[in-house]
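The opening position of the sequence shown corresponds to residue 230 in the working numbering, with each subsequent residue numbered one higher. Take a look at the structure below.
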Amino acid sequence: VIVPREPLLPLSRSVNSKLTTLCPRLDAWLRGGVPTRSVTEIAGEAGSAKTQLALQLLIAAQLPRAMGGLDGAAVYVHTEGRAPLSRLKQLVASHPAVRAFVETKTKTKTEPEPEHDFLRGVYVVETLDDPDGLWTALASIASVLGGNKQRQKHVSSVERPVRLIVVDSVS
């Protein structure tokens, strides 16, 4: 998991220094969540829920700071086959934190379909399982983060600043 060292937009120094994992026990073990403005590696055997955690972080990054999020968009670089977007959709549809946020938005009537925004707030980059594919993905991310004219071509749905970059996985 890579979180930009410096935010793309100026933030006050009082913002969260941790990103919730959306798992209270894991957040407690990590003393509040995953550190921000740093590189964090999550390692484990196959089937140990690394991708699940990555997907939860993609959702968490979009939550408001008051809920432990970063109030921004996320980039997901997936290097092994097709990205697990159906799992991401399931998480968005069923996670209690998302439901709580959606209920708040529905009560204030600020957005007609807040659940959909959680899917639009993730820029997915699928790469081939080779170094060249990863370099291409990194170049694509650079265009998104750089805010140049290519940005609209690559990612018209990401409207908020990117606050989290997840690379799943590098082996």
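C-beta atoms are modelled at their ideal positions from N, C-alpha and C, and glycine is treated no differently.
If you check the CB distance, G310 and T249 do not come in under 8 Å.
One thing to note: V351 has its Cβ no nearer than 8 Å to the Cβ of V306. The region 283 to 296 and the region 318 to 332 touch, with no fewer than 3 CB-CB distances between them shorter than 8 Å. Apart from the 5 residues on each side of it in sequence, A283 sits with its Cβ closer than 6 Å to the Cβ of V395, D397 in its chain, given in chain order.
According to DSSP, E355 shares a beta bridge with H307. Close CB contacts of I370 within its chain, under the 6 Å cut and outside five residues either way in sequence, are with V304 (chain order). Distances from the CA of T308 to each of W258, G273, T280, T269 were compared; the closest alpha carbon is that of T280.
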